[in-house]
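Chains as they are written, first to last, in our numbering: chain A, 1 to 654; chain B, 1001 to 1340. Cβ coordinates follow ideal geometry from the N, Cα and C atoms, glycine included. To start, the structure itself, in structure tokens.
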């Protein structure tokens, strides 16, 4: 919304107040001035009117605001509210919910011509094109009073004017020369034959006032904000008029705006007032009395404003006061946004000055209950993963249907920004693939990332939102999977999970895949997909973080075994299909309670290994919890283990 | 004789100082103390001297021997040390450190500031319904005050309220106020979504932190105090706050908060668009209708609420100039940030 100093000065004397001062005071009272621009003799202010203050969508409304800030008197010129004779025209309102009030004034014998300079400037300074004197006057009066008006060429419309919903398929060529196809969402002004204008939004081309127009009908009406909003959204057209109707207009200004437009037309374009007609209900703003309590106000704001000061501010804002057993105040008719005591408090303090309120730190009290915090848990998880070398990524939860690499049914957006971003992701790992790709394109090949984010999917009963942790690695060497797995084990152990089962299975998009209990999985991305994304080896693990949270456990001390241990290595080659789990079973059975642990110390894929086999060196650590083992004891057990391994199908001792 | 020894000691001193390697040093040791050295030769000659001269000769010999031995030991120590020395200016092996995302760093910092003065951190869900996202927050379903909260709706059939992706963290305020009894003090961080096209300062997904406190006598002055404490801890103790009256449907009175530009110190720069002020958050006293819809009597309780965009604050704090950087996850970007 824009206003200019000259326009404002029609209603109050601003001598001695600089534009900068005015801008600062308005901003600090809640009407943010985003720009002040000099235009010849005038200054144009661009202000951001908040949706509750429709009264500020008029120059007179701004004048009242300025008068309260600078203690100046507003002078509103008297308007001749001519309403005689009664106009011989049929006015019909189909539904008063859409249009509670419709008025029409007829002027005959006008001479339409270009506007005088001052009028042109009033409009063009505020960004409205000058058309002709009649149209300009309706716009001028709209800016002044906040009430949109419309002028029809009376000779181009029929004798029955109705306000009704458009019928499906009806069309209207608007004054912007665009033809619009209408639906029943849209309210129109129509005569007996066709729509004439989109009510409260934009006029029709055929009935617009032109230089040949002789007789004009001035429309002033109140339309339902909701109807206008739906209509203009439906048509995708917004105007100064719809902007105001959507936010609400003050019905008390309706007659004044219409009549003052008539006055000005008669003055500038000549002609003769030829009648008035109205349909709908008489509207009045009904502000009510609100109890004012200075103690409550000060307690609410943490201030020490004196009652007298506060009441003076309210008076400057044109509130009425009534003293009975308590003080009652009533907002002026144009302030229908004031309903609660808290609204009064804001009025007082915004004029008194927010900057006058002291900054005090309160003793913050809260019920100390149920402090276990999933947020804190997640933050600890992040630290653990960073310590293991994974960087944190944050990626978009909205993805394309095509990017869904899972079998889950995703949730669709009703109003996606672009077709390519239309679902909520059912799994989080896709985000990491994009992160890998982005960095691989920038010559980073060894990448380790994680992300904690929500996943969303359809269920039989509706939908589910789950917090997921996804950990991923991109590497040039497939064998690095075992480092990745090692990190996962360390991470899980750090969450209190030392033992877990891996169950191999299938999953779309993954060539190798295993479930980790029932709260996670790990896999290697299908090579075909990797290649398509210009990636090499990608390992992904995903966990249900809420499950990890439920399973979190504090550590308990375990007695440290002080007896020495002995290491023995065995070099083996296993057929690829043979699962290590079977080798592990043999080790556990044979070594029994001599077994401390075992590790893979080397993986070998050289020429000496038969094809289809993988070579590796197993290091066994022997230790007894209650005594020192002799080397003979160890040798014996170790020999038996070798024998057992040698007999295993698919395993070769090297 | 004395002069000869004097000369020998001088020569030895000069030679030992000159020597640079351990091999040379050993050769020098042989030269001065070895079997064929002057001293060895001299010691063989002592018995041939007149008895009266022998004690003096013996003393001179021993003195020279220990003098040269000391020279040798000292130089050996020096050379050894020199050999163990490394070149500290030599380039390091390049190591990389995994990093938390800068948004996590800032969310943590913000939350911990509020935690210090008694707020509890909680989170909400990202799929919300219209009632929690709008109605309970006194935002009429079809009203211009909703224009600021354009929202992604979800295609989930529902009999009661439409489901959506939360367009702000405020629905968590509603959920917490309905679940817990006053006095209350929470901060709620999280992702939010709005159908804005991506550019340098807009993203359809971003992060917010919501905060609120409800008690019998929490007032606007407390709101100012809490936010001043927050801003001065996050940026610097010199930063000033400016509260401008504003409108939010869920607070009354409402304010927008500007901080004095810490980049130009209020003189005016490109970041603050020459105004000297940076807008960083919105706040106000919780609207009585909001308290009522959560079953809290506005006659008994009052409270404040505030909300801020984490990306905006992070961009100001770290002087990042494009919001899209947060979601590209470029290592060269992520590696720049750390906790202080």
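Can you name the residues that DSSP bridges to residue 1190 of chain B? Paired residues: B:1208.
According to DSSP, simplified to helix, strand and coil, what is residue 474 of chain A? Correct three-state label for residue 474 of chain A: strand.
Interface residues of the stretch 287-310 of chain A facing chain B [CB-CB below 9 Å]: Answer in chain order: 298, 299, 300, 301, 302 and 303.
Apart from the five residues just before and just after residue 239 of chain A, which ones in its own chain have a Cβ nearer than 7 Å to its Cβ? These residues qualify, in order along the chain: 201 and 202.
What in chain B is Cβ-close to residue 96 of chain A, meaning under 7 Å? By Cβ distance, chain B contributes nothing, its closest Cβ being about 19 Å from residue 96 of chain A, past 7 Å.
Checking contacts by CB at 9 Å: is residue 1217 of chain B closer than that to chain A? For residue 1217 of chain B, the nearest CB of chain A lies under 9 Å from its own CB, placing it at the interface with that chain.
Just mark residue 1255 of chain B as buried or exposed, buried being the case when its beta carbon has 16 or more other beta carbons within 10 Å. It is buried - the Cβ of residue 1255 of chain B has at least 16 other Cβ atoms within 10 Å.
Can you find a C-beta in chain B that's less than 9 Å from the C-beta of residue 103 of chain A? Judged by the 9 Å Cβ criterion, residue 103 of chain A is not in contact with chain B.
Mapping DSSP to helix, strand and coil, what is residue 459 of chain A? Looking at residue 459 of chain A - three-state DSSP - the assignment turns out to be strand.
heavy atom of the ligand ADP below 8 Å from residue 264 of chain A C-beta: You won't find the ligand ADP in this model; it holds no ligand whatsoever.
Compute the Euclidean distance between the alpha carbons of residue 204 of chain A and residue 231 of chain A, then round it to the nearest angstrom. Residue 204 of chain A and residue 231 of chain A: Cα-Cα distance of roughly 15 Å.
Are there three or more Cβ pairs, one per stretch, closer than 8 Å when the stretch 262-279 of chain A is compared with the stretch 95-107 of chain A? Counting C-beta pairs with one atom in each stretch, the stretch 262-279 of chain A and the stretch 95-107 of chain A have three or more that are closer than 8 Å, which means they touch.
Residue 696 of chain A, enclosing beta strand (DSSP E) - first and last residue: There is simply no residue 696 of chain A to check, as chain A begins at 1 and stops at 654 in what is shown.
In this structure, how does DSSP classify residue 519 of chain A when only helix, strand and coil are distinguished? DSSP places residue 519 of chain A in coil when its eight states are reduced to three.
Interface positions of the stretch 1311-1330 of chain B facing chain A (Cβ-Cβ less than 7 Å), listed along the chain: Contact residues of the stretch 1311-1330 of chain B toward chain A are 1326, 1327, 1328, 1329 and 1330 (C-beta to C-beta distance below 7 Å).
Could you give the first and the last residue of the continuous beta strand (DSSP E) run that contains residue 539 of chain A? In the DSSP assignment, residue 539 of chain A falls within the beta strand (DSSP E) that extends over 537-544.
Going by C-alpha distance, which of A:153, A:175 and A:197 is nearest residue 182 of chain A? Of the listed residues, the one whose Cα sits closest to residue 182 of chain A is A:197.
Cβ-based contacts, 7 Å cut-off: residues of the stretch 1162-1189 of chain B near chain A: Per Cβ criterion, the list reads 1180, 1181, 1183, 1184 and 1185.
In terms of residues, what are the limits of the alpha helix (DSSP H) holding residue 1171 of chain B? Segment 1170-1179, the alpha helix (DSSP H) holding residue 1171 of chain B.
Note down, in chain order, all residues in the stretch 410-424 of chain A with a beta-carbon under 8 Å from any beta-carbon belonging to chain B. Here the close residues are 411, 412, 413, 414, 415, 416, 417, 421 and 424.
Within chain B, partners of residue 354 of chain A - CB distance below 9 Å: Neighbourhood of residue 354 of chain A in chain B, by CB distance below 9 Å: 1220, 1224, 1242, 1243, 1244, 1245, 1253 and 1255, in chain order.
Express the C-alpha separation of residue 1059 of chain B and residue 1078 of chain B in angstroms, rounding to a whole number. Answer to the nearest angstrom: the Cα atoms are 29 Å apart.
Listed in chain order, which residues of the stretch 382-404 of chain A have Cβ atoms closer than 7 Å to some Cβ of chain B? Identification of residues in the stretch 382-404 of chain A having a C-beta nearer than 7 Å to some C-beta of chain B yields 382, 386, 389, 390, 391, 392, 393, 394, 395, 396, 397 and 398, given in sequence order.
Quick check on residue 408 of chain A - is its C-beta less than 9 Å from some C-beta in chain B? Not closer than 9 Å to any Cβ of chain B, the Cβ of residue 408 of chain A fails to qualify, so no.
Three-state secondary structure assigned by DSSP to residue 311 of chain A: DSSP places residue 311 of chain A in the helix class (H, G or I) of the three-state scheme.
Using a C-beta to C-beta distance shorter than 7 Å, which residues of chain A count as neighbours of residue 1300 of chain B? Per Cβ cutoff of 7 Å: no residues; residue 1300 of chain B is ~12 Å from chain A at best.
Per the contact definition of three or more C-beta pairs closer than 8 Å, is the stretch 1316-1326 of chain B in contact with the stretch 1210-1222 of chain B? Because the criterion of three Cβ pairs below 8 Å is not met, the stretch 1210-1222 of chain B and the stretch 1316-1326 of chain B do not touch.
Pick from A:165, A:408, A:213 and A:545: whose alpha carbon is nearest that of residue 152 of chain A? With distances taken between Cα atoms, residue 152 of chain A lies closest to A:213.
With a cut-off of 9 Å, does the C-beta of residue 1160 of chain B fall near any C-beta of chain A? Using a Cβ-Cβ cut-off of 9 Å, residue 1160 of chain B does not count as an interface residue toward chain A, since no Cβ of chain A sits closer than that to its own.
Please go through the stretch 568-640 of chain A and give each complete alpha helix (DSSP H) segment of 4 or more residues, from N-terminal end onward. Runs of the alpha helix (DSSP H) inside the stretch 568-640 of chain A: 580-591.
Can you confirm whether residue 1110 of chain B, when its beta carbon is compared against all beta carbons of chain A, has any partner nearer than 9 Å? Cβ-Cβ to chain A under 9 Å: no for residue 1110 of chain B.
Does DSSP classify residue 256 of chain A as helix, strand or coil? If DSSP states are grouped into helix, strand and coil, residue 256 of chain A belongs with the helices.
Given that residue 1064 of chain B touches chain A, what residues does it touch there, using C-beta distances under 9 Å? In chain order: nothing, as chain A lies at least about 56 Å away.
Exposed or buried, which one is residue 1122 of chain B when buried takes at least 16 other CB atoms within 10 Å? Counting Cβ neighbours within 10 Å, residue 1122 of chain B comes out buried, since at least 16 surround it.
Any C-beta of chain B sitting closer than 9 Å to the C-beta of residue 187 of chain A? Judged by the 9 Å Cβ criterion, residue 187 of chain A is not in contact with chain B.
Let's test the definition: count the other Cβ atoms within 10 Å of the Cβ of residue 576 of chain A and tell me whether it reaches 16, buried, or not, exposed. Per the 10 Å Cβ criterion, exposed.
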